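Undergrad: Here our numbering = 1-based position in the sequence shown + 6. Take a look at the following structure, please.
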Amino acid sequence: MRTTSLLFVLGCYAFVSLGVNAALLGPALPTLATRANAGLDRTGLIFASMSLGYLTSAPIINTIGARMGTRAMLIVSPLVVIGSMALLALGAHLNAFFVATYLLGLGQSGSQVAYNAMFGLQAEGGRASAVLNRLNAFFGVGALIGPLFVAASYTLINAATLAFWIAAAMALPLTLGALWARDGLRHSSPARATLPDGGAARRLLTSPAAWGLCVVMGLYVGCEVAFSGWATEFTSRMTGAGTAQAAVAVSIFWAALALSRYFTNIVARRIPPTVLIGLLFALAIVGLVVMLLAGQVSAAAWAGAFLVGVGFGPIYPTLIAIGIQRFPFAAQMIASVLTSTGALGALFLPALMGFAMDASALGAVSAWMMLAGVLALVIGLWQFTRRALGREDVAALQARAA
């Protein structure tokens, strides 16, 4: 029991590290652009290459990772992240940064999938959602810390290089912890139903519920990345605030996201996860509307960003938990597929938001209305997914009874 608790602490620390890695790239763009002698627009394509790393992680994890096992994946994934950070710290060409961020997405996904699958299988129903939400809450903590490391690095050496080395150092204990926890990792993986070779993949590919989960996850992650990427610009345009003051909205968003994930267990005991998802999307829409109505009041925009963060926070871990509980025979597979489809949404929705933002004088309003519209669409799609999950659960019960 003590080993399992220590493993969960290691998992929480892993998500802090993952959040730091993801959040420091944006503030570090000027350093990378200067070293590569490229414009910010071209350098910004590193976000697309990181998304590609996440996107292609599913087939890699489900082939190589399945043979390696959970412990090996938890040892290797942080080493991939360390390599990517070293390349970002030492590289001097844009192609090197594309390779680095691709590896970063791959390494990040490996750790995320392994920890989510491992702990998601240890609990059932609403408890699985609560456990994964608490685990993933620490990603938000890391996302708040990462930009601080970049700011300190700029202060000390007028570049973001030190932040990359700090992130690399933070990943090393994850490999060491996985090396230490050999027996704990073996005992932490509960027995689960198994299918013949290829059976798990066929069950997933032919499941309407699995496809529904993937579509909802892809659109959700795209909305989350779009909001966090454009909230500063939106707040600045709508309220007339300076960039520094407008950026507070993003910090509030990440803080609310982390808090809502951490305390989801209070709600998960009372509301079924499939019902909770719809309510969370609705709350995020309310937050967007509050920001649209904020006028010149920055505090009102911050309040809206807080509501969006509270709404968005538990969605990713809860969708992962629902997938793992519905497909326990393919826990790592469904976790990796959902993580990859999330990256697909992150590839196109933020870009569409950017086009909407610059489309007209009312670009900020148009962009936020588009985002609210996508979330409303997701609520409708989620209702179909809930029905598919219900039908498949009934069919599984009937098959066991027969």
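Yeah, the Cβ is synthetic: ideal placement off N, Cα and C, and Gly gets one too. Since the model is a prediction, treat every value here as computed from it, not as a measurement.
On a Cα-Cα basis, can you pick out the residue from G111, S135, A394 that is closest to N122?
TA: That would be S135, whose Cα lies nearest to the Cα of N122.
Undergrad: Helix, strand or coil: how does DSSP classify S194 here?
TA: Because the pLDDT of S194 is 49, which lies under 50, any placement of that residue in the model is unreliable, and the number read from its coordinates should be weighed accordingly. Here S194 sits in coil by DSSP.
Undergrad: Let me confirm a value: T37 is counted as buried when at least 16 other C-beta atoms fall within 10 Å, else exposed. Which label applies?
TA: Label assigned to T37: buried.
Undergrad: Under a three-way DSSP split, which group does G319 fall into?
TA: In the structure shown, G319 sits in coil (DSSP, three-state: anything other than H, G, I, E or B).
Undergrad: Where G50 and L178 are concerned, what is the direct C-alpha to C-alpha distance, given to the nearest angstrom?
TA: Rounded to the nearest angstrom, the two C-alpha atoms are 27 Å apart.
Undergrad: When the distance is taken between beta carbons, is V26 closer than 9 Å to F155?
TA: A contact, by the Cβ cut-off of 9 Å.
Undergrad: Note down, in chain order, each residue of its chain lying with its Cβ closer than 6 Å to the Cβ of R392, except the 5 sequence neighbours on either side.
TA: Result list for R392: T280, in chain order.
Undergrad: In angstroms with no decimal places, state the Cα-to-Cα distance between A349 and A305.
TA: Distance between the alpha carbons of A349 and A305 is about 32 Å.
Undergrad: When you compare only the Cα positions, how much space is there between N101 and L31?
TA: Distance between the alpha carbons of N101 and L31 is about 16 Å.
Undergrad: Please report how far the alpha carbon of F240 lies from the alpha carbon of S346, in whole angstroms.
TA: Between F240 and S346, the C-alpha separation is close to 28 Å.
Undergrad: Let me check understanding here. Comparing Cα to Cα, which of F53, T238, G126 lies closest to F335?
TA: Measuring from the Cα of F335, the nearest candidate turns out to be G126.
Undergrad: According to the Cβ coordinates, are F144 and Y226 closer than 9 Å?
TA: No, the Cβ-Cβ distance between F144 and Y226 is not below 9 Å.
Undergrad: Using a 10 Å radius around the Cβ and a threshold of 16 neighbouring Cβ atoms, would you call N43 buried or exposed?
TA: Label assigned to N43: exposed.
Undergrad: Could you tell me which uninterrupted beta strand (DSSP E) segments, each at least 3 residues in length, are contained entirely in the stretch 266 to 319, listed from first to last along the chain?
TA: Listed in chain order, nothing qualifies, since the stretch 266 to 319 has no complete beta strand (DSSP E) run of 3 or more residues.
Undergrad: Could you compute how far the alpha carbon of I330 sits from the alpha carbon of I340?
TA: C-alpha separation (whole angstroms): 7 Å.
Undergrad: Could you spell out the range, first to last residue, of the alpha helix (DSSP H) harbouring P33?
TA: From DSSP, the alpha helix (DSSP H) with P33 extends over 31 to 42.
Undergrad: Classify T324 as buried or exposed, calling it buried when 16 or more other Cβ atoms lie within 10 Å of its own Cβ.
TA: With 16 or more Cβ atoms within 10 Å of its Cβ, T324 is classed as buried.
Undergrad: Using 9 Å as the threshold, is the C-beta distance between A264 and G146 below it?
TA: Yes, they are a contact pair.
Undergrad: Less than 9 Å separating the beta-carbons of G116 and I172?
TA: No, the Cβ-Cβ distance between G116 and I172 is not below 9 Å.
Undergrad: Indicate whether A166 and S159 have their beta-carbon atoms separated by less than 9 Å.
TA: In this structure, S159 lies closer than 9 Å to A166 by Cβ.
Undergrad: Could you pull out every residue in the same chain whose Cβ sits closer than 7 Å to the Cβ of A362, ignoring the five residues on either side in sequence?
TA: These residues qualify, in order along the chain: G369, S372, A373, M376.
Undergrad: So what does DSSP say about L127, is it helix, strand or coil?
TA: L127: coil per DSSP, three-state reduction.
Undergrad: Reducing DSSP to helix, strand and coil, say where G246 ends up.
TA: Three-state result, G246: coil.
Undergrad: Buried or exposed: which applies to V22, given that a residue is buried once 16 or more other Cβ atoms fall within 10 Å of its Cβ?
TA: Counting Cβ neighbours within 10 Å, V22 comes out buried, since at least 16 surround it.
Undergrad: State buried or exposed for L16, treating a residue as buried only when at least 16 other CB atoms are found within 10 Å of its CB.
TA: Result: buried.
Undergrad: Mind checking which residues open and close the alpha helix (DSSP H) that includes I66?
TA: Start and end: 63 to 66.
Undergrad: What residue range is occupied by the uninterrupted alpha helix (DSSP H) comprising G348?
TA: It spans 337 to 363 - the alpha helix (DSSP H) in which G348 sits, taken as one unbroken run.
Undergrad: Do you know how far the Cα of L80 is from the Cα of Y19?
TA: When rounded, the distance between both Cα atoms is 13 Å.
Undergrad: Quick one: residues in its chain with C-beta nearer than 7 Å to the C-beta of A394, no 5 flanking neighbours on either side, listed in chain order?
TA: Result list for A394: P214, A215, G218, in chain order.
Undergrad: When DSSP labels each residue in this structure, what does T212 get in the three-state scheme?
TA: Residue state, collapsed to three classes: coil.
Undergrad: Is L51 helix, strand or coil by DSSP?
TA: L51: coil per DSSP, three-state reduction.
Undergrad: Would you check if the distance between the CB atom of R209 and the CB atom of F390 is smaller than 9 Å?
TA: No, Cβ-Cβ distance for R209 and F390 is not below 9 Å.
Undergrad: Considering only C-alpha positions, which residue in the set I70, G113, V221, L93 is nearest to I385?
TA: Ranking I70, G113, V221, L93 by Cα distance to I385 puts V221 first.
Undergrad: What separation, rounded to the nearest whole angstrom, lies between the Cα atoms of R75 and G111?
TA: According to the sequence as given, residue 75 is Gly; it is not Arg. Approximately 20 Å between the Cα atoms of the pair.
Undergrad: Just tell me which of G59, Q251, V314, Y268 has its CA closest to the CA of V303.
TA: It is Q251.
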